[in-house]
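Enquirer: Residue 114 in our numbering is what sits at position 106 of the sequence shown, and the numbering runs on without skipping anything.
Handing you this structure, nothing more for now.
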Amino acid sequence: MNAREFLEILHVAERLKDTPRHCTTTNGRTESVAEHSWRISLMALLLRHEFPDLDTDKVVNMCLIHDLGECFTGDIPAFVKTDSDRDVEDSLLDQWVKSLPEEISSDLSALYREMDAQETMEAKVYKALDKLEALIQHNESPLSTWSDNEYELNKTYAFDTVAFSEWLTELRNAILEDTLEKIEQG
């Protein structure tokens, strides 16, 4: 990869800094997709000792790239995203990845295949962190920014995704405690 190709990749990825997510920050500012990706990457790094057999670098890589498709489509909240939306995002992302220098295209394609298959521990941990971070962010955001469906969704979301791990299930339960406390304090 030459310097120009490297810059072009960064220019596309930079779009995520300006791509708003459904969540807001503690102060009520709309969160960007880049901020979400950064925090799940940090979460993966912080869990290195909880999952000593995990390839943490691979999980961090998955976390960093997981929403690159939103460079082309924007963020659509999980509770309204359709199969058609996913197909469009996947197609645009695939076209872009195939256009990258061979070594980068090959690396990213392999990661995306593993993430989609959800068969490895690394892929499962990445997916769990992606969903858990959204719940954590909702608990940090003002209740006034929640949509009506999120009061129930935040009580049930992601339990199936963390079921493979006792530690992540414990984390999900702690997040639920925070959710219930936030709703109660209203």
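We put the beta carbon where it would ideally sit given N, CA and C, even for glycine.
Going by DSSP in three states, Ser155 sits in which element: helix, strand or coil?
Expert: Ser155 falls in the coil class under three-state DSSP.
Enquirer: Following the continuous alpha helix (DSSP H) through Met29, name the residue where it begins and the one where it ends.
Expert: Strictly speaking, residue 29 in this sequence is Arg, with Met absent from that position. Here Arg29 belongs to no alpha helix (DSSP H); instead the beta strand (DSSP E) covers 28-32.
Enquirer: Do Ala136 and Leu176 count as a contact pair if the criterion is CB distance below 8 Å?
Expert: Going by C-beta atoms, Leu176 is nearer than 8 Å to Ala136.
Enquirer: DSSP three-state call for Thr177: helix, strand or coil?
Expert: Three-state DSSP puts Thr177 in a helix.
Enquirer: Write down every uninterrupted run of the beta strand (DSSP E) in the segment 21-100 whose length is 3 residues or greater and which is fully enclosed by it, in chain order.
Expert: The segment 21-100 contains these whole beta strand (DSSP E) runs: 28-32, 38-40.
Enquirer: Can you give the beta carbon distance from Ala142 to Cys31, rounded, assuming they're within the 8 Å contact cut?
Expert: Rounded, the Cβ-Cβ distance is 6 Å, consistent with contact.
Enquirer: Inspect the CB distances between the segment 91-105 and the segment 168-185 and report whether three or more fall short of 8 Å.
Expert: No, because fewer than three Cβ pairs between the segment 91-105 and the segment 168-185 fall closer than 8 Å, the two stretches do not touch.
Enquirer: How far does the alpha helix (DSSP H) with Gly125 in it reach, from first residue to last?
Expert: A small fix is needed here, since residue 125 is Ala in this sequence, not Gly. First-last of the alpha helix (DSSP H) with Ala125: 110-125.
Enquirer: DSSP on Phe172, reduced to helix/strand/coil?
Expert: Note: Phe172 maps to coil in three-state DSSP.
Enquirer: Determine the burial state of Tyr159: buried for a count of at least 16 other Cβ atoms within 10 Å of its Cβ, exposed for fewer.
Expert: That one is exposed.
Enquirer: For Glu130 versus Lys25, is the C-beta spacing smaller than 8 Å?
Expert: No, the pair does not count as a contact, with Cβ atoms beyond the cut-off.
Enquirer: Anyone know if the C-beta pair for His19 and Arg29 falls short of 8 Å?
Expert: No, they are not a contact pair.
Enquirer: For Glu16, which of Asp156, Ile112, Thr187, Leu72 has the nearest alpha-carbon?
Expert: Nearest of Asp156, Ile112, Thr187, Leu72 to Glu16, Cα basis: Ile112.
Enquirer: Give every residue of the same chain whose Cβ lies closer than 6 Å to the Cβ of Pro150, excluding the five residues on either side of it in the sequence, and list them in chain order.
Expert: The residues are Gly36.
Enquirer: So, are the CB atoms of Thr27 and Glu78 less than 8 Å apart?
Expert: Yes, these two residues count as a Cβ contact at 8 Å.
Enquirer: With the cut-off set at 8 Å, would you say Asp138 and His74 are in Cβ contact?
Expert: Going by C-beta atoms, Asp138 is nearer than 8 Å to His74.
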